[in-house]
Amino acid sequence: MNHLTEIGELLSSPKRIAITTHLRPDGDAMGSSLGLYHYLIGQGHKVKVVAPTDYADFIKWLPGTSEVIIAPDDMDHAKWTMEGADLIFCLDFNALHRVQDLEAVVRDSEGKKILIDHHMDPDGFEDLRFWDDKASSTAELIYRLIDGLGHLDQITFDVAECLYTGIMTDTGSFRFTSTTPAVHRLVARLLETGISPTAIYDRVMSTSTLDRLKFLGHCLSERLRFLPEYKTAYLMVPQEVFKAYNVKSGDTEGLVNYALGMKGVNLGVLMTVQDNLVKMSFRSRGGVNSAELASNFSGGGHFYASGGRSNVSLEDTEKKLLELLEANKAMLMLDELPVA
Ligand SMILES: [Mn+2]
């Protein structure tokens, strides 16, 4: 049940609005947040975007990025913004712990919480929602919201650059199964504002450093295992590898897709050690439900893309993963048509 009408009513008079998203914001988190920001500013609202943590340089060119409050750098400002907001838009996450240190201040704020998201099973902290787990991205939902409010003519160049970036990054450059005809139609509408797909792709994707490419080479040659009996490939990357190649956690972005990209693989898994936790990413195809697999590691997400974490060692996490593969062998070996 979505609340387009109620959201439209709330936005029909000027409001103080905070927009927030999940920690370590990705292209969709920042693209949807800043796209909504530019639209709401254009409607005469007072708007601030608050990111719970800093985000990668490859999205720091987005229009409006210099106005974003990064909570750990300016916690007081982040807190007043939440406390003084009439409305708090919560974008691209389904559970309030995803805003990390902002969790209490968002929960306790008297502002109405409006969830806009495409992850499975939101935990229900919000007052109003605009949610669809079949949407390619939260940026697509922002477009649909603007369209639903009858404001497609308000999609400016800045709004379009932000939303395009969100959709492009969350669809793996328009190749995931969520890339529907409707997505291409709305992207066509974004391109009509004059934005350049070539320039945006280059700013976001053509950003490798020599260290990062060598790190990738090491991971693929030394850290990749293929288990044809489970149609699974996985990468395990211990902390010392990050140090040896002088790379950061954000540099694992996209690594898991190499595992899924192998012929005969229905499930790709990446395990890295970060902040004394094993972080896990799952990517799947066919009938393999990554979110269900990730739920065994305190995680979840989408049918074909999800994440989890484990607080035992990398080796013990691997053991647990192997048991899980054995228990789900029937699902992993299926080659049926996509069900989501
Ligand atoms: Mn997203």
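Taking this note's numbering, the leading residue of the sequence shown gets 38, the next gets one more, and so forth.
Cβ coordinates follow ideal geometry from the N, Cα and C atoms, glycine included.
Contacting residues, own chain, Cβ-Cβ under 6 Å from residue i (five flanking each side not counted)
{"i": "I96", "result": "G64, M67"}
{"i": "S347", "result": "V315, F334, T354"}
{"i": "A377", "result": "Here A377 scores only 47 on pLDDT, less than 50, and its place in the model should not be relied on; the value that follows carries that caveat. Here the set comprises F340."}
{"i": "D195", "result": "H75, P100"}
{"i": "V293", "result": "G305, L307, S318, R320"}
{"i": "S286", "result": "Q311"}
{"i": "A197", "result": "L227, T230, I232"}
{"i": "Q382", "result": "Because residue 382 is not part of the residues shown, which for the chain are 38 to 377, the question remains open."}
{"i": "S210", "result": "none"}
Beta carbon of residue i nearer than 8 Å to that of residue j
{"i": "T289", "j": "V274", "result": "yes"}
{"i": "P51", "j": "H82", "result": "yes"}
{"i": "G79", "j": "Q191", "result": "yes"}
{"i": "I151", "j": "L139", "result": "no"}
{"i": "G323", "j": "A331", "result": "no"}
{"i": "F126", "j": "I56", "result": "yes"}
{"i": "V220", "j": "S173", "result": "yes"}
{"i": "T216", "j": "V241", "result": "no"}
{"i": "L358", "j": "Y282", "result": "no"}
{"i": "L223", "j": "E177", "result": "yes"}
{"i": "L228", "j": "L200", "result": "no"}
For residue i, the nearest candidate out of the options (CA to CA)
{"i": "H255", "options": "T206, Y295, R222, K268", "result": "Y295"}
{"i": "G101", "options": "P109, G72, D154", "result": "G72"}
{"i": "T90", "options": "D111, L182, D190, L369", "result": "D111"}
{"i": "A88", "options": "V136, N131, G79, W117", "result": "V136"}
{"i": "G185", "options": "F126, S245, D154, L41", "result": "L41"}
{"i": "D158", "options": "A219, I107, A225, E329", "result": "E329"}
{"i": "E43", "options": "A122, V86, F167", "result": "F167"}
{"i": "S350", "options": "L297, T193, S245, T309", "result": "T309"}
{"i": "P265", "options": "A132, K366, N39", "result": "K366"}
{"i": "H156", "options": "R144, R226, F211, F130", "result": "F130"}
{"i": "T118", "options": "L128, H134, V143", "result": "V143"}
{"i": "T208", "options": "Y238, M317, I153", "result": "Y238"}
{"i": "Q311", "options": "V278, K300, L297", "result": "V278"}
{"i": "I153", "options": "S69, R61, A108", "result": "S69"}
{"i": "A132", "options": "G338, E360, N313", "result": "G338"}
{"i": "I107", "options": "A122, K356, G121, V86", "result": "V86"}
{"i": "I179", "options": "G121, L128, A364", "result": "L128"}
{"i": "K149", "options": "A141, W98, K171, A122", "result": "A122"}
{"i": "L48", "options": "P218, S327, R212, G187", "result": "G187"}
{"i": "H134", "options": "D160, E120, D170", "result": "D160"}
{"i": "D170", "options": "T202, E120, E360, A342", "result": "A342"}
{"i": "W98", "options": "K300, R181, R260, T202", "result": "T202"}
Spatial neighbours of residue i in its chain, beta-carbon cut-off 8 Å, leaving aside the 5 residues before and after
{"i": "L369", "result": "Y267, K268, T269, N303, L304, V325, L362"}
{"i": "G291", "result": "none"}
{"i": "T244", "result": "D94, F95"}
{"i": "R212", "result": "none"}
{"i": "L371", "result": "N303, G323, G324, V325"}
Residue environment, residue i, which counts as buried when at least 16 other CB atoms sit within 10 Å
{"i": "R262", "result": "exposed"}
{"i": "G336", "result": "buried"}
{"i": "R320", "result": "buried"}
{"i": "A115", "result": "buried"}
{"i": "S146", "result": "buried"}
{"i": "T235", "result": "exposed"}
{"i": "M38", "result": "exposed"}
{"i": "G231", "result": "exposed"}
{"i": "H59", "result": "buried"}
{"i": "T246", "result": "exposed"}
{"i": "E352", "result": "exposed"}
{"i": "A364", "result": "exposed"}
{"i": "P62", "result": "buried"}
{"i": "G298", "result": "exposed"}
{"i": "S103", "result": "exposed"}
Close beta carbons around residue i, own chain, < 7 Å, minus the five adjacent residues each side
{"i": "L77", "result": "I54, V84"}
{"i": "V284", "result": "D248, R249, F252"}
{"i": "I183", "result": "Y76, L189, Q191, I192"}
Residue i beta carbon near ligand 3 (any heavy atom closer than 7 Å)
{"i": "H155", "result": "With respect to small molecules bound, the structure shown includes ligand 1 and not ligand 3."}
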